[in-house]
Amino acid sequence: MRLVTWTIRLLVFLFLIAFAAKNVEPVTLRFYFDLALKAPLVLLLLGFFAFGALFGVLAMLGTVLRQRREIALLKTSVEPPPAAPLIPPPI
Numbered sequence: 115m116r117l118v119t120w121t122i123r124l125l126v127f128l129f130l131i132a133f134a135a136k137n138v139e140p141v142t143l144r145f146y147f148d149l150a151l152k153a154p155l156v157l158l159l160l161g162f163f164a165f166g167a168l169f170g171v172l173a174m175l176g177t178v179l180r181q182r183r184e185i186a187l188l189k190t191s192v193e194p195p196p197a198a199p200l201i202p203p204p205i
């Protein structure tokens, strides 16, 4: 199973490298107020992907922290199970 996983990862990596190699032409990204950014297409795609991933992580951060705090409170409020009585070994 590990071999299949690494094979899929390698294929995806090679596909992304080939995609990046084919999209190196400069493009112009136009903003408001006559601002423009000229960069290779692959860099702009990578930058916006990274920005989206960061935005998604930050959007989930509050929920995750609240859940971790709730789990910690629940763990402290639960009583530990009683210890099993020690039975001496037979002689």
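Mapping of the sequence shown onto this note's numbering: residues 115 to 205, in sequence order. Don't be surprised by glycine CBs; every beta carbon is placed ideally from N, CA and C. Here the structure is a predicted model, which is why all the values come from computation and not from measurement.
In the structure shown, the three-state DSSP call for residue 179 is helix.
When rounded, the separation of the alpha-carbon atoms in residue 143 and residue 132 is 23 angstroms.
Between the C-alpha atoms of residue 202 and residue 182 there is a straight-line separation of about 41 angstroms. Among the bridge pairs identified by DSSP, residue 141 is matched with 153. Within the same chain, 154, 155, 156 come within 8 angstroms of residue 138 by CB-CB distance, once the 5 residues on both sides are set aside.
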